[in-house]
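Report on one structure; see the data block that follows.
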Amino acid sequence: MFSPHGPTLRELAAQALSSTRGGYDLLAPKFDHTPYRTPDRVLDAVAGALRPYGPFRAGLDVCCGTGAGTGLLRALCRERVTGVDFSAGMLARARTAHPPAPGRPETHWVRADARALPFRASFDLAVSFGAFGHFLPAERPALFAGVHRALVPGGRFVFPLPAPPRVGSAPYWQLWAFDTAMRVRNALWRPPFVMYYRTFRLADVHAELSRAGFTVRLDPLEEFGRDSGGAPRCRLVTATRR
Ligand SMILES: C[S@@+](CC[C@H](N)C(=O)[O-])C[C@H]1O[C@@H](n2cnc3c(N)ncnc32)[C@H](O)[C@@H]1O
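In the numbering used here, the protein residues as written are 129 to 370.
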């Protein structure tokens, strides 16, 4: 699947029948050859938007996986960068992909559940890429509260948020079909694999971040263009700890 180095269909099926964490442990060796790894184009756009506000002191990559966002933080932060994820397999790959290097900040890998982040006022920048679909809406307050706790006052939690596809378009139905299949799978099979594309909606997320103590700002990421009505296809969400 995806490329000669990517997972086979059988391996993807085994992953999909595991828990979220177990599934990523299985996928880890081939994860960077799947489209689930955040593409460099997205990382570059976010780095470009953050650069004018840097350099930052210490950065946190929430649900770092194999370290796509951690690499970005290593270029933007001076002192220390931390990647946190609950999959030991993904963290092992991240550690190999981002070894210590002269001129780069010290880098730590922490195995923890993002719903109970173990940090307090330690970072001035937190990012997250490609992971919000793994959290049920009811779990987001704990996630956002943990990021808020992890940041110093004035610290920023930054992530890209693509606009949802137009209702009735082909991508709309693809995501709808994926989420429906996941709901059926999770109703019939234990342990659950939590991944839904259509639950992380801007209006809800904006309100939840505000309730968690953030001031929220939205900026278009112009690299991804605009739809026919002029709305940005992708926004950068910057939630600043009040
Ligand atoms: C699609 S991958 C994205 C990885 C990376 N951020 C990227 O953009 O390439 C999602 C990651 O979220 C992690 N994850 C999902 N739920 C988590 C949780 N509750 N706590 C910590 N990590 C979690 C998974 O282990 C996986 O590494």
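Note that the Cβ used here is the ideal one computed from N, Cα and C, for glycine as well.
Predicted model, so just to flag it, every value in this text is computed and none were measured.
- About 3 Å separates the beta carbon of G217 from that of A156, a gap short enough to meet the 8 Å contact definition.
- A distance below 8 Å between beta-carbons, with the five flanking residues on each side excluded, links P135 to the following residues of its chain, in chain order: M129, Q143, L155, K158, H161, T162.
- What you get when you keep residues with a C-beta closer than 5 Å to any heavy atom of ligand 1 is Y152, Y164, R165, T166, C191, G193, A196, D213, F214, S215, M218, D241, A242, F257, G258, A259, H262.
- The continuous alpha helix (DSSP H) containing A175 extends over residues 168-178.
- DSSP, read as helix, strand or coil, puts V275 in helix.
- Relative to G193, the option among P269, L178, W237 whose CA is nearest is W237.
- The beta-carbon separation of P265 and T327, rounded to 6 Å, stays under the 8 Å limit for a contact.
- By the beta-carbon neighbour count (other beta carbons within 10 angstroms, threshold 16), R169 is exposed.
- A direct Cα-to-Cα measurement between G283 and A254 gives close to 8 Å.
- Beta-bridge annotation (DSSP): G353 is not paired with any residue.
- Assigned with DSSP and collapsed to three states, F159 falls in helix.
- In the three-state scheme derived from DSSP, where H, G and I count as helix and E and B as strand, A186 is classed as strand.
- The DSSP-derived three-state label of L303 is helix.
- Note: H236 is bridge-paired with T210 in the DSSP secondary-structure output.
- Rounded to the nearest whole angstrom, the CA to CA distance from Y152 to Y164 is 11 Å.
- With fewer than 16 neighbouring CB atoms inside 10 Å of its own CB, A225 falls in the exposed class.
- Each residue's CA atom was taken as its position, placing E351 and V333 some 23 Å apart.
- Counting only the Cα atoms, S131 lies some 15 Å from P167.
- As the crow flies, the alpha-carbon of G195 is around 8 Å from that of D189.
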